[in-house]
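Residue numbers (the numbering used here): 3 to 275.
Virtual Cβ for every residue (Gly too), placed ideally from N, Cα, C.
Remember, predicted model here, so these are calculated numbers, not experimental data.
Working notes, beginning with the structure itself.
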Ligand code: KIV
């Protein structure tokens, strides 16, 4: 197939090949305009199920559906010409069986046109990861803190503090990598464990709250843009403070509408004759 006239986007194979050579830059994107702004700066854009909390105000990601992921995946794909795009399989769409996972992944790849899917899980998901990759679905793994397990884990906290926790995360990462994942998110994990995993795997580790020892980093874009004034966990660095800017703009607009300053003549249509 000719790609003449079209810019080629990064593939999951090119992300995998960055291991040991270049750090992988990843951010979340949920909409076309944000994808357009982030695309040229990122290697990977993740349509994360965090969109349930960030865009829809949910308490956790558990309520996110495959329909939501397909719609946002499609929107992001309309805004990219450079980055590789991965869409999260939401809670309940893949844990039941490897066949269910395959059907859900195919739906996302066909409806959204994304390059692969991400799923949370370690040793217990290795068979599913192998099943998907053997059938043409690139898989981005996700170990350490797994937000979809919040109801059994009892909350969100960093992991790897005990030898038992550390060994479990290492086993999980190894199992998912050996099963064929092209890269693995390591979330909320203490630095020595993230370093050990990164050194032992042949695929890139992409950290979020998992130290600079990882091969790349991911953040929720809305967090790093400072859109939330009341949420500032340790692992987030705000590269902008857009929340107060949005609020100030809305305040100015409200004042101008109330005083009749807006719209002015330059914003007003007049008959052409
Ligand atoms: O859902 C998400 O955005 C994620 C990232 C935070 C890794 O899983």
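Linking residue 231 to residue 275 through their CA atoms gives a straight-line distance of about 50 Å. Annotation for residue 64: no beta strand (DSSP E) segment contains it, and DSSP assigns it neither H nor E. For residue 40, the Cβ stays outside the 8 Å cut-off from all heavy atoms of ligand 1. By the criterion of at least three beta-carbon pairs nearer than 8 Å, the segment 10-19 is not in contact with the segment 52-61.
Under the three-state reduction of DSSP, residue 14 is assigned to helix. Counting along the chain, no beta strand (DSSP E) covers residue 24, and no H or E run does either. Separation of the CB atoms of residue 188 and residue 52 is rounded to 16 Å, and the pair is thereby denied contact status at 8 Å. For residue 270, there is no enclosing beta strand (DSSP E), since its DSSP letter is neither H nor E. Excluding sequence positions up to five before and after residue 244, its CB lies within less than 8 Å of the CB of 227, 228, 229, all in the same chain and listed in chain order.
Of the candidates 72, 151, 82, 72 places its Cα closest to the Cα of residue 105. Closest option to residue 176, judged by alpha-carbon separation, among 195, 159, 271: 195. Of the candidates 128, 46, 35, 46 places its Cα closest to the Cα of residue 27. Less than 9 Å divides the Cβ of residue 240 from the Cβ of residue 225. Here residue 117 is buried: its Cβ has 16 or more other Cβ atoms, across all protein chains shown, within 10 Å. In this structure, residue 84 has its beta carbon at no less than 8 Å from each heavy atom of ligand 1.
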